[in-house]
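Below: the structure, in structure tokens.
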Amino acid sequence: MAADCHTYRGMNTEAATSKVPILIVDDNASKRLAVKAVLEPLGFSIFEAESGIAALRCVMAQDFAVILLDVCMPLMDGFETAGLIRQRQQSEMTPIIFFTAYGSDDLPDLDRYAEGAVDFMFAPVPPNELRAKVSVFANIFIKADALAAQAREVQTSADQLRLLTDAAPIGIFQTDPDNRYVYTNPRWSEITGVTAECAAGRTWGAVIDSARPIDYGAHLVGSSAQHVELSQRFEIQVADAPPRFVLVTAKPVPDGDRGIAGWVGTLADVTAEVGAEAAMSDARDAANEASRLKSDFLANMSHEIRTPMNGVIGMTDLLLETELDDIQRDYAQTVRSSGQALMVIIDDILDFSKIEAGKLEVEDVDFSVRTIVDEVAALLAGPARTKGLELVALVDSNVPAVVGGDPGRVRQVLTNLVGNAIKFTASGKIVVRVSAADVMNGVNIVRFEVSDTGVGIAIDKLASIFQPFVQADTSTSRKFGGTGLGLAISGQLVALMGGECGVSSELDAGSDFWFSIRARAVVQRDAGGDGQLLLVEDNLINQKVAVAMLSSVGYRVDTVLNGAEAVEAAAAYSYDAILMDCHMPEMNGYEATAAIRAGEGSDRHVPIIAMTAGARREDRERCLAEGMDSYLAKPVSKDALLALVAQALKQGQVVEPTIDVTVLDQLRMLGNDSDQNFFEELVRQFLLDAEPLLVELRESFEARDSVAVSRVAHTIKGSSSQLGGRRLASSAEQLESLAASVGLSDAEPHLLSVETDYRDLRRALTERLSVGS
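Going by numbering that gives the first Met the number 0, the first residue of the sequence shown is number 0, and it counts up by one from there.
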């Protein structure tokens, strides 16, 4: 095949070397055969050409690692063939080794290497030398081929990445270390309205001169310069379009030397999200405003209804303490019970709203369990008699006479259960049983059980009976009436009182509802009073009721009608305690309290008890924040009023000075030489640290975490002692001791003392800073 390119491949070869093509060009077949024999052990793919023309055809069809080219050939010698091979761009760098049978002196007098050769070999060719030289170029070819393959892969990956970034639905960019753009994808241009050509080599500020940050600054995510991520929202103006909001997020590209080679990041159009956030914010503000208006309405409604009801119930209590015949007493008790029932209805309305808002609360005052049971039984005895039912109430002897808890909530739950029993019982009887079990830390578990012989409840309905708006049978709402809220509210109240509730029943065989509460044990004292009190109350009926309650046990009571008169009276006479209404003309109770506290000084602190028809948590917190020591919601029960007054008088018997002036003087002397602001900075640091401690103390107390209460009280004690706050340190120490020993069941007054003493100390310290003494 004189004009063709022949190939020969060794038999036992490695895969890499078998892909290396070698071209032998010689018009002598035996010489080609001899060269092949020398190269065969290397395992290369060997091609043959018997003329220069045939060699050119081979080169046109194939790239070679090396070409072995005979110099002397007819028609076209090796030099001419090499020159033509070099003219082809693809083969201009292909290594060519000339070999010839002539001696070196017999060749024409010319620059042999200028003809395109990389080497000359003269016959006879040493086999080892030939194999060595060919192997060098073969290895170069293998490495070059591998590099070319890698380059093709990199290019393919780059092309795919570019396709992905070009088609990405989010803007993508890259900058150099000076934040100049080196790449932006089409989506980036769509969002900004700036072409890639215009952005290249320019910074964000130069390209988007209308950008306005809508956050306070860039958000940094990460802990080191090489890993930090920046995120910033901007408002930008795009030509012929409304303003857009965009989110730029970028991350640095490390340069390998702990520096930054540039930034890569994304640009997202968040105009829709910003609009949604604004709409949600407006909706949230509107909802909060509606909630506030609703809360204010409920508070005002509660206040307006509770004020006259306080007079009704209070005057009835006083009437029952007078000489009455049986019929008059029965009428008076019915009036009182009806008034209390009306208060239950009012409370139900407020309670369900509080349940929805997550603000349902209970109080902790002393009350008689037997009295509550008797009142409920008396209230509902009439409806029971009307239906021909027997109503029996049994209180075990192990139930304490007086416990601490929320009598109104207990009455509310018990009234609901007994009322339901009467409603759903056609004949037979209802039995109320109360029992108690002692537990540790001065707490009693009191269990109330209401059994009836009524219609009963199907087993499959028992699990949902305490859910809102649920009744055992949908037809009962038409037959018996009701909304299904009573048991739901009762379940919530029982849970807040630390108890449980449940029911067992059988259809047409009656029901047995029960609930338990955790009640604080109360040590009985001699309900007798000795002290001079000031009652500040603008409602004459309420004033008459409170005076009668207090006077009945021996207290001496002066009365005034508004806050201004209260301030004058408190300045003229040292009262043992002041009972302060909050809402009054001329000067309200908050203003009067502030004026009284301002005139007391550090060695005088008269207990002030807030009396208000506001029954929300916010009302209680405001009273304490304004300098009052305790809080009593109207309508006021006689037992609760007397207990709170006795407690206030006991705490006020020994009044520690708010500040130990000697300690303050010593602290001032410490900073005279080195730091003139030492004392001021110390006081400000104390106030800064104390505020969150008081918040944590209150939260820990409400969570009944005695360990946390003891710990925080200990901290407050130590820090206040350093500043001479003797009274705060003393009250904090008492709370710490109580929480660590017997728990929190009887600790509410001590917590109030800590909060009040802190406010007094804060005011005293602030005043001393302002006057510099």
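Built from N, CA and C at the ideal position, the CB exists for glycine as well.
| Query | Result |
| --- | --- |
| Excluding five sequence neighbours on each side, which residues of the same chain lie with their C-beta closer than 7 Å to the C-beta of Thr270? | Arg243, Phe244 |
| Buried or exposed for Ala224, going by 16 or more other Cβ atoms inside 10 Å? | Only weak support is given to the placement of Ala224: the predicted model assigns it a pLDDT of 46, under 50, and the question is left unresolved by the model. |
| What's the C-alpha gap between Gly838 and Met610? | This structure does not reach residue 838, given that the chain is present from 0 up to 772, and the question cannot be answered. |
| Kindly give me the distance between the Cβ atoms of Leu631 and Leu623, rounded to whole angstroms, as I take these residues to be in contact under 8 Å. | No, Leu631 and Leu623 are not in contact; Cβ-Cβ is about 12 Å, not under 8 Å. |
| For Arg758, which residues in the same chain have their Cβ closer than 7 Å to its Cβ, ignoring the five residues on either side in sequence? | Gly626 |
| Between which two residues does the alpha helix (DSSP H) harbouring Thr80 extend? | 77-86 |
| Find out if the Cβ-Cβ distance for the pair Ile715, Leu737 is shorter than 7 Å. | no |
| List the whole-angstrom C-beta distance separating Ser515 from Val445, where the pair is believed to meet the contact cut-off of C-beta under 8 Å. | 7 Å |
| According to DSSP, Cys500 sits in a beta bridge with which residue or residues? | Phe514 |
| Anyone know if the C-beta pair for Leu506 and Gly455 falls short of 7 Å? | yes |
| From the DSSP secondary-structure annotation, give me the bridge partner or partners of Pro253. | Ile259 |
| What residue does the alpha helix (DSSP H) around Ile715 start on, and which one ends it? | 705-721 |
| Could you give the distance in angstroms between the alpha-carbon of Val832 and the alpha-carbon of Lys633? | What is shown of the chain runs 0 to 772, which leaves residue 832 out entirely. |
| Nearest by alpha-carbon distance to Phe233: which of Leu560, Pro212, Val252 is it? | Pro212 |
| Classify Gln231 as helix, strand or coil using the three-state DSSP reduction. | strand |
| Go through its chain and collect everything with a Cβ distance to Gly723's Cβ below 6 Å, but skip five positions before and after it. | Ile658, Asp659, Val662, Leu663 |
| Who does Thr99 pair with in a DSSP beta bridge? | Phe121 |
| Which value, in whole angstroms, describes the spacing of the CA atoms of Asn561 and Leu578? | 12 Å |
| Taking 8 Å as the cut-off, does the segment 128-147 touch the segment 175-185 (at least 3 CB pairs, one atom from each stretch)? | no |
| Considering just the uninterrupted stretch of the alpha helix (DSSP H) at Ile52, what are its terminal residues? | 51-60 |
| Verify whether the separation of the beta carbon atoms of Val433 and Val372 is less than 7 Å. | yes |
| Give the secondary structure of Gly553 by DSSP, where H, G and I count as helix, E and B as strand, and everything else as coil. | coil |
| Can you give me the Cβ contacts of Arg761 inside the same chain, cut-off strictly under 8 Å, excluding the 5 residues immediately before and after it? | Leu686, Ala689 |
| Output needed for Trp262: all residues of its chain with C-beta closer than 6 Å, excluding positions within five of it in sequence on either side, in chain order. | Thr174, Ala249, Pro251 |
| State the start and end residues of the unbroken alpha helix (DSSP H) segment that holds Thr194. | Taken as a continuous stretch (DSSP letters only), Thr194 belongs to no alpha helix (DSSP H), as it is neither H nor E. |
| Ordered along the chain, which non-local residues of its own chain (more than five positions away) have a Cβ less than 7 Å from that of Phe362? | Before going on, a small fix: residue 362 reads as Glu here, not Phe. Asp405. |
| Starting from Gln159 and walking both ways along the alpha helix (DSSP H), at which residues does that stretch end? | 126-166 |
| Can you tell me whether Met10 is buried or exposed, with buried defined as 16 or more other CB within 10 angstroms of its CB? | Annotation note: pLDDT 41 at Met10 (below 50); position unreliable, no value reported. |
| For Arg596, count neighbouring Cβ atoms within 10 angstroms of its own Cβ and tell me buried if that reaches 16, exposed if not. | buried |
| What's the gap between the Cα of Thr558 and the Cα of Gln332? | 29 Å |
| Please go through the same chain and pick out, in chain order, the residues whose beta-carbon is closer than 6 Å to the beta-carbon of Ile304, but skip the five residues on each side of it. | Ile345 |
| Going along the chain, which residues of its own chain have a beta-carbon closer than 7 Å to the beta-carbon of Val124, five neighbours each way excluded? | Phe98 |
| Assuming Glu47 is part of the beta strand (DSSP E), what are its boundary residues? | 44-48 |
| My understanding is that Thr424 touches Leu388, with C-beta atoms under 8 Å, so please give their C-beta distance in whole angstroms. | 6 Å |
| Using the Cα positions of Ala205 and Met92, report the straight-line distance between them to the nearest angstrom. | 48 Å |
| Looking only at its own chain, which residues have a Cβ that is under 8 Å from the Cβ of Gln339, when we skip the five neighbours before and after it? | Ile312, Glu374, Leu378, Arg410 |
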